[in-house]
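Undergrad:
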Amino acid sequence: MKVILIDAENLEAVQRKSEQSVMALGFFDGLHKGHQTVIQIAKQHASKKQLPLAVMSFFPHPKTVITNSNVDYLMPIEEKTHQLKKLGVDLLYIVHFTKEFASLAPQTFVEQYLMKLGVKVAVAGFDYKYGFKGEGQVHMIAEQSQQQIQVVIAPKVEMAGEKISSTLCRNLLKAGHVEKIYALCGRPYSIQYDLQEGIEPYFTLPKRGHYNVEIHTTQHIYSNVIEVMDEHFIRGVNIQSSDKVKIVFYEADPYYMKELVN
């Protein structure tokens, strides 16, 4: 998979080198089943048209730029890139999200970031918005591209009557329900953890409490119960290893459930 970083300075150069593609649009934090549905639909259209499958994401999270507030990321760009590659994505565009980018008129976004990048089919969720104050809605892309871009709107994906979203994933983590992340994402929630510095940037720890986990080093996998102390640190990773490990969360430990819900 080819990763292309886009900012205001290199946009024209990227446009000149771009190739036609079918593009999935979204931030894709956590790559839950709603995101996966968007990408699978785009993949089907890419196969039919014999075009590369592209994804356009953004960094940092728009909320941090527009409202100057913090966001609990579910995964950093490196992990997102890894998961997108596993889903069969050929091209990943990562747009530097700035106040200037946020101020673009919807029409300008379509022209500069879709049409001039060779997008022939755009696939997004039903609630995808773009442009200044989110004034652009996904169904408007066809008209704003003079029908040069086919628009495909992915259906809403639900679990127990609730829309699967990155916000839902974050709320479940904050409540300590790590076991439900598997149902939302198709894989258990995991983080990268530095034994000296704590959680790696752009991951989020679940609520304080005890959890059944697997600890992955470069050579071994250990089953363990660890304690999340705060938003940065864990207690109980008692292994001899290099400084960084992967921690896979499976469930809150039932013996400590009382503490978790208090």
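No gaps in the numbering here: position 200 of the sequence shown is 200 in full-length UniProt numbering, and each next residue is one more. Glycine is no exception: its CB is placed at the ideal position from the N, C-alpha and C atoms.
Does Ile-221 pass the burial test, meaning 16 or more other C-beta atoms within 10 Å, or should it be called exposed?
TA: Translated into the one-based positions of the sequence shown, residue 221 becomes position 221. Counting Cβ neighbours within 10 Å, Ile-221 comes out exposed, since fewer than 16 surround it.
Undergrad: With Lys-133 as the anchor, note down where its beta strand (DSSP E) starts and where it stops.
TA: On the sequence shown, residue 133 is found 133 positions in, with the first residue counted as 1. No beta strand (DSSP E) holds Lys-133; DSSP gives it neither H nor E.
Undergrad: Are Ala-124 and Leu-51 touching if we call contact CB-CB under 7 Å?
TA: The count along the sequence shown starts at 1 and reaches residue 124 at position 124. The count along the sequence shown starts at 1 and reaches residue 51 at position 51. It is not a contact, given that the beta carbons lie outside the stated cut-off.
Undergrad: What residue range does the beta strand (DSSP E) around Ser-190 cover?
TA: Within the sequence shown, numbered from 1, the residue matching residue 190 stands at position 190. Segment 189–194, the beta strand (DSSP E) holding Ser-190.
Undergrad: Select from Glu-9, Leu-87, Phe-233, Phe-59 the residue whose C-alpha is nearest the C-alpha of Arg-208.
TA: Position 208 of the sequence shown, counted from the first residue, corresponds to residue 208. The residue with the shortest Cα to Cα distance from Arg-208 is Phe-233.
Undergrad: Rounded to the nearest angstrom, how far is the Cβ of His-32 from that of Leu-184, given a contact under 8 Å?
TA: Taking the sequence shown and counting its residues from 1, the one referred to as residue 32 is at position 32. Taking the sequence shown and counting its residues from 1, the one referred to as residue 184 is at position 184. Sure, about 5 Å apart at Cβ, within 8 Å.
Undergrad: How about the stretch 11–24 and the stretch 104–119: do they share at least three Cβ pairs that are nearer than 8 Å?
TA: Yes, since at least three Cβ pairs between the stretch 11–24 and the stretch 104–119 fall closer than 8 Å, the two stretches touch.
Undergrad: So if DSSP puts Met-159 in a beta bridge, which residue, or which two residues, is it bridged to?
TA: Within the sequence shown, the letter at position 159 stands for residue 159. Bridge partners of Met-159: Glu-162.
Undergrad: Taking the alpha carbon of Leu-92 as the point to measure from, which residue in Met-140, Gln-36, Leu-5, Ala-105 has its own alpha carbon closest?
TA: For the purposes of this step, residue 92 is taken as residue 92 along the sequence shown, with counting starting at 1. The residue with the shortest Cα to Cα distance from Leu-92 is Leu-5.
Undergrad: Confirm, please, whether the CB-CB distance from Asp-253 to Asn-212 is below 7 Å.
TA: Taking the sequence shown and counting its residues from 1, one reaches residue 212 at position 212. Taking the sequence shown and counting its residues from 1, one reaches residue 253 at position 253. A contact, by the Cβ cut-off of 7 Å.
Undergrad: Decide yes or no for the touch test of the stretch 98–110 against the stretch 125–137: beta carbon pairs closer than 8 Å, at least 3 of them.
TA: Short answer: they touch.
Undergrad: Within 10 angstroms of its Cβ, does Lys-80 collect 16 or more other Cβ (buried), or is it exposed?
TA: Here residue 80 refers to the residue found at position 80 of the sequence shown. So Lys-80 counts as buried.
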